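Novice: Chains as they are written, first to last, in our numbering: chain A, 9 to 159; chain B, 9 to 159.
Below is the structure I would like to discuss, written out as structure tokens.
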DNA sequence: TTTACTGCAAAGGGTTTGCAACATG
DNA sequence: CATGTTGCAAACCCTTTGCAGTAAA
């Protein structure tokens with residue numbers, strides 16, 4: 009059975025490879041961001057990331073998140089909050105999921121759909137994309153409402 | 009069969025009622041915004057709205073969109089663009105749909121899912137929400153990729 | 001006539017960028 | 001050792017807000 013260390017090692021390896029493939033380096037700062045996102049159970053804002061490790065600098069973190077996103081290591085999660093949030097990409101975590109987004113506090117929790125539903129959705133998405141001559145890269149399913157803590 | 013004028017009249021009536029219910033007035037500026045959103049086939053950014061009718065003023069338009077959103081007349085569509093986009097709410101258009109979002113140009117097109125899929129999704133969403141003690145208000149399904157014009 | 005609303009201009013605040021020093025492969 | 005990366009601080013730009021005058025019910 010995989011230990012936390014296994015998981016962490018796999019994540020860093022995948023991240024390093026994705027970055028290298030785009031000509032980027034896997035620096036200390038990027039490794040720190042990936043570790044923080046991996047440890048957090050949910051998408052983090054930049055302030056949360058900076059707070060998670062005091063060695064992180066704001067401007068570099070913004071810059072690195074752009075690059076991590078471009079390389080497919082991290083993905084941006086848009087809530088209705090002021091701050092963008094980031095999580096590790098599915099290419100790194102190997103874990104497809106969706107989001108429960110609290111309209112009050114902006115916090116995000118993950119949930120999954122049964123594989124069967126995910127499959128029929130995928131078929132419908134393909135149909136809708138073709139009809140519109142749209143080249144789909146990914147989908148995003150969010151539930152918006154109020155979380156347990158805010159009700 | 010409903011004419012464009014019928015549709016427009018229904019929309020304005022619904023908007024006026026929703027606003028009044030919250031103690032707001034249906035002013036000329038708000039009517040102008042609702043008309044522009046209703047005419048456009050897709051969500052509009054503020055610059056697009058301002059361009060659509062030169063009588064619209066930037067600050068008032070921002071303020072009015074906050075109020076229209078709060079009253080349930082308009083809804084905010086978050087793309088990966090710099091600008092927020094707005095469309096008429098389903099309460100006004102009576103038309104449930106989802107979005108194809110172009111990651112290049114930010115433009116948005118609508119699509120629909122078969123009623124059967126929409127129903128089974130709704131059931132799953134209810135299940136996931138209950139499991140997380142989450143009070144769901146609505147869902148959002150977006151396909152992200154490249155539109156016909158940008159490929 | 002009351003009170004919500006508007007327009008103008010200025011401030012706010014998350015995010016981006018220029019630049020010189022630094023670290024990575 | 002060539003070049004991608006960092007930290008600092010300043011700039012950016014979408015959005016919000018204060019205020020005095022205006023319009024809606």
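Even for Gly, the Cβ is constructed at its ideal location relative to N, Cα and C.
These numbers come from a predicted model, not from an experiment.
Name the residues in the segment 132-159 of chain B whose C-beta lies less than 8 Å from a C-beta of chain A; which are they?
Specialist: Against chain A - using a Cβ distance shorter than 8 Å - the residues of the segment 132-159 of chain B are 132, 133, 136, 137, 139, 140, 141, 142, 143, 144, 145, 146, 147, 148, 149, 150, 151, 152, 153, 154, 155, 156, 159.
Novice: Give the secondary structure of residue 53/A by DSSP, where H, G and I count as helix, E and B as strand, and everything else as coil.
Specialist: In the first chain, residue 53/A corresponds to position 45, counting from 1. Residue 53/A: strand per DSSP, three-state reduction.
Novice: Just list the residues that DSSP pairs residue 95/A with in beta bridges.
Specialist: Walking along the first chain from the start, residue 95/A turns up at place 87. Paired residues: 83/A.
Novice: How about residue 96/A: is its C-beta nearer than 8 Å to some C-beta of chain B?
Specialist: In the first chain, the residue the question calls residue 96/A occupies position 88. So no, residue 96/A is outside the interface.
Novice: Using a Cβ-Cβ cut-off of 6 Å (strictly less than) and excluding sequence neighbours within five positions of residue 38/B, which residues of its own chain qualify?
Specialist: The residue labelled residue 38/B in the question sits at position 30 within the second chain. If we look at residue 38/B and ignore the five residues flanking it on each side, its Cβ neighbours are 72.
Novice: Count the other CB atoms, across all protein chains shown, that sit within 10 Å of the CB of residue 59/A; report buried if there are 16 or more and exposed otherwise.
Specialist: Position 51 of the first chain, counting from 1, holds the residue named residue 59/A. Residue 59/A is exposed by the Cβ-count criterion.
Novice: Who are the near neighbours of residue 40/A in its chain, counting only those whose CB is closer than 7 Å to its CB and skipping five residues on each side?
Specialist: Numbered from its first residue, the first chain carries residue 40/A at position 32. Counting only Cβ-Cβ distances below 7 Å, and skipping sequence neighbours, we find 61, 63, 64.
Novice: Using a C-beta to C-beta distance shorter than 7 Å, which residues of chain A count as neighbours of residue 128/B?
Specialist: As a working note, residue 128/B is residue 120 in the second chain. Per Cβ cutoff of 7 Å: 125.
Novice: Using a Cβ cut-off of 9 Å, which residues of the segment 52-77 of chain A contact any Cβ in chain B, in chain order?
Specialist: Answer in chain order: no residues at all.
Novice: Might you give, ordered along the chain, the residues of its own chain that have their beta carbon closer than 6 Å to the beta carbon of residue 107/A, omitting 5 neighbours on each side?
Specialist: On the first chain, position 99 is the one that residue 107/A refers to. So the list reads 116, 150, once near-sequence residues are dropped.
Novice: Given that residue 117/B touches chain A, what residues does it touch there, using C-beta distances under 8 Å?
Specialist: What you label residue 117/B is simply residue 109 of the second chain in a count that begins at 1. Those are 140, 142, listed as they occur along chain A.
Novice: Cutting at 6 Å between CB atoms, please list the residues of its own chain near residue 22/B, excluding the five before and the five after it.
Specialist: Taking the second chain and counting its residues from 1, one reaches residue 22/B at position 14. These residues qualify, in order along the chain: 100.
Novice: Under DSSP, the alpha helix (DSSP H) around residue 35/B begins and ends at which residues?
Specialist: Locating residue 35/B in the second chain gives position 27, counting from the first residue. Residue 35/B -> no alpha helix (DSSP H), and no H or E assigned at all.
Novice: Skipping 5 residues on each side, what residues in its chain have a beta carbon closer than 6 Å to that of residue 104/A?
Specialist: Locating residue 104/A in the first chain gives position 96, where the first residue counts as 1. The residues are 98.
Novice: Could you tell me whether the segment 23-34 of chain A touches the segment 84-94 of chain A, using the rule of 3 or more Cβ pairs below 8 Å?
Specialist: Touching, no, given that fewer than three Cβ pairs across the two stretches are closer than 8 Å.
Novice: Hey, quick one: how far does the alpha helix (DSSP H) through residue 124/A stretch, first residue to last?
Specialist: On the first chain, position 116 is the one that residue 124/A refers to. Note, residue 124/A: alpha helix (DSSP H), 123-139.
Novice: Determine whether the beta carbon atoms of residue 152/A and residue 125/A lie at a separation below 8 Å.
Specialist: To locate residue 152/A, count along the first chain from 1; it is residue 144. To locate residue 125/A, count along the first chain from 1; it is residue 117. No, they are not a contact pair.
Novice: So residue 147/B is in the beta strand (DSSP E); what residue range does that whole segment cover?
Specialist: Here the question's residue 147/B lines up with position 139 in the second chain. Unbroken beta strand (DSSP E) run through residue 147/B: 143-154.
Novice: Going by DSSP, what residue range makes up the beta strand (DSSP E) through residue 108/A?
Specialist: Working through the first chain from its first residue, we reach residue 108/A at position 100. Here the beta strand (DSSP E) through residue 108/A covers 106-110.
Novice: By Cβ distance, which residues of its chain are closer than 7 Å to residue 12/B, with the 5 residues on each side in sequence left out?
Specialist: Within the second chain, numbered from 1, the residue matching residue 12/B stands at position 4. There are no such residues.
Novice: Which residues mark the beginning and the end of the beta strand (DSSP E) in which residue 116/A is found?
Specialist: Translated into the one-based positions of the first chain, residue 116/A becomes position 108. Its beta strand (DSSP E) spans residues 116-119.
Novice: Residue 163/B CB to nearest chain A CB: under 8 Å?
Specialist: The structure shown has nothing for residue 163/B, since chain B only spans 9 to 159.
Novice: Am I right that residue 46/B and residue 16/B are in contact with their C-beta atoms under 8 Å? What's the rounded C-beta distance?
Specialist: Here the question's residue 46/B lines up with position 38 in the second chain. Here the question's residue 16/B lines up with position 8 in the second chain. Between residue 16/B and residue 46/B the Cβ distance is about 6 Å, and since that is below 8 Å, they are a contact.
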